[in-house]
Amino acid sequence: MPNKPEYKFKIDKDLEISLYLPDDVFEPTGTSSILINAVRDYVKKPGKTLDLGSGSGVVGISLFKLGLVNSTLYSSDLCQNAVDCANKNAAFYNCPIIAKKGTLFEPWNDEQFDYIVDDISGVSVEIAKISPWFKNAPCNSGVDGTALIADVLKQASNNLNPGGLLFFPIISFSNVNKIIEIANENFSYVNRLSHKEWFLPEEMKEHIPILEKLQQEGNVDFKEKFGTLIWYTDVYVAYNDTDSA
Numbered sequence: 193m194p195n196k197p198e199y200k201f202k203i204d205k206d207l208e209i210s211l212y213l214p215d216d217v218f219e220p221t222g223t224s225s226i227l228i229n230a231v232r233d234y235v236k237k238p239g240k241t242l243d244l245g246s247g248s249g250v251v252g253i254s255l256f257k258l259g260l261v262n263s264t265l266y267s268s269d270l271c272q273n274a275v276d277c278a279n280k281n282a283a284f285y286n287c288p289i290i291a292k293k294g295t296l297f298e299p300w301n302d303e304q305f306d307y308i309v310d311d312i313s314g315v316s317v318e319i320a321k322i323s324p325w326f327k328n329a330p331c332n333s334g335v336d337g338t339a340l341i342a343d344v345l346k347q348a349s350n351n352l353n354p355g356g357l358l359f360f361p362i363i364s365f366s367n368v369n370k371i372i373e374i375a376n377e378n379f380s381y382v383n384r385l386s387h388k389e390w391f392l393p394e395e396m397k398e399h400i401p402i403l404e405k406l407q408q409e410g411n412v413d414f415k416e417k418f419g420t421l422i423w424y425t426d427v428y429v430a431y432n433d434t435d436s437a
C-alpha cells in the first residue's frame, strides 16, 4: 500500500475520509455513508463502539472523527487483510483501535458495547455475483440476503450494554420483510432512521431477468421508475431499553 492514503470517501458535503484501500478489501459504498450519517444524527454521546464487518474501517473511524467513539474503537472482520487495513487507517487518524479477525461476534466473547454498528453483507448472493460491489470480498448471505444479518440480529443483544444500540442497514436486494420480522423478534424497539433510493448500476442492467426472477420469488425488492430499476437502503436502530443512549 502507498505511504499516504489515496482513496477518498465522501460521507457528506462536509466530511471526507482518506483511506488505505488495497485491492482485496471491500470498497465503501453509499450504504456506508448512509449508515455513518444515521448513527451521527441519532447518537447523543460517545460510547464504547463495535464496528462489525469493518472492512477498511471507514465506518468506525468516521464515527471516531465525529467524536462518537469513547476512547478505543473496537473492530472486526472475517478477512485478515481487512483487519490489517483497518489498523493502518486507524493509525493514520490516531484512532486507538482493537481490531480482530473472526466471524460476527465470535472475536468478542463476553465483551459488551454501547453501540454496535453492523455493515456486514446483506444482499442476495445472486445479486453479489452480478454487482460491482463484491469483486474483492466474500458474500455468504444466502439467496435472500438474510443469512448474516439474521445471525447479527439474533446474537447482538448478548454483546450490548443495558440501553445499548444496534445500528444496521437493510438493502432491498434482500428479503426486507424477513429481516424486519427477525429484528422485531429479538428487540423490543426497531425504528427506521433513514431511507435512500438508488439507480441500478450500469453493470447490472444486462442482468435484469435475474433480478426479476429474484423479485418474483420474494428474495429481493425494487421498483421501476424513470425508465430504470430503483432499489434502496434503509438504516435501522434496534434496542431493548427505553432509556437507551
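In case it helps, my numbering puts the sequence shown at residues 193 to 437.
Note that beta-carbon positions come from the ideal geometry of N, C-alpha and C, so glycine has one too.
Please report the straight-line C-alpha distance between Y428 and E298, rounded to a whole angstrom. 23 Å
Closest to G419 by C-alpha separation, out of T425, D433, K397, would be which residue? K397
Quick one: Cα of K200 to Cα of L213, how far? Their backbone Cα atoms lie some 10 Å apart in a straight line.
What do you reckon, are the CB atoms on A278 and S246 nearer than 8 Å? yes
Within its chain, find whatever has a CB closer than 6 Å to the CB of Q347; leave out the 5 residues flanking it on each side and keep chain order. F297
When the Cα atoms are used, what is the spatial distance from L421 to F218? 24 Å
Identify every residue that forms a DSSP beta bridge with V261. G239
How far does the beta strand (DSSP E) with V275 in it extend, from its first residue to its last? Per DSSP, V275 belongs to no beta strand (DSSP E); it is in the alpha helix (DSSP H), 272 to 284.
DSSP three-state call for T425: helix, strand or coil? If DSSP states are grouped into helix, strand and coil, T425 belongs with the strands.
So if DSSP puts S386 in a beta bridge, which residue, or which two residues, is it bridged to? V427
Identify every residue that forms a DSSP beta bridge with L358. For L358, DSSP records a beta bridge to I308, A430.
Just to check my reading of the structure: D366 and G337 have Cβ atoms closer than 8 Å, yes? What is that Cβ distance to the nearest angstrom? Residue 366 is actually Ser in this sequence, not Asp. About 3 Å separates the two Cβ atoms, so the contact holds.
Helix, strand or coil, according to DSSP, for N301 in the structure here? Residue state, collapsed to three classes: coil.
Round the Cβ separation of S268 and A282 to the nearest angstrom and send it over; I've been treating them as touching at under 8 Å. The pair is not a contact, with the Cβ atoms about 13 Å apart (cut-off 8 Å).
When we look at the beta-carbon of D204 and count the other beta-carbons within 10 Å, is it buried (16 or more) or exposed? exposed
Out of G222, F360, K257, which one is the CA nearest neighbour of P324? G222
To the nearest angstrom, how far is the alpha carbon of G239 from that of N262? 5 Å
Are the Cβ atoms of S224 and V251 separated by less than 8 Å? Yes; because the gap between Cβ atoms is below 8 Å, this pair is in contact.
Starting from K292, trace the beta strand (DSSP E) both ways and give me its first and last residue. 289 to 293
Can you tell me which of the three DSSP states L244 falls into? strand
Is D215 near the ligand FAD, judged by its Cβ being under 7 Å from some heavy atom? Absence of the ligand FAD is noted for the structure shown, with no ligands found whatsoever.
For I362 versus G410, is the C-beta spacing smaller than 8 Å? no
8 Å contact criterion, which D426 and H387 should meet: CB distance rounded: About 5 Å; that satisfies the 8 Å criterion.
My output table needs one value for S210: the three-state DSSP class, helix, strand or coil. strand
CB of S248 within 8 Å of CB of A230, strictly: no
Determine the closest residue to L340 out of T241, K257, D311, with distance taken between C-alpha atoms. Comparing alpha-carbon positions, the option among T241, K257, D311 lying closest to L340 turns out to be D311.
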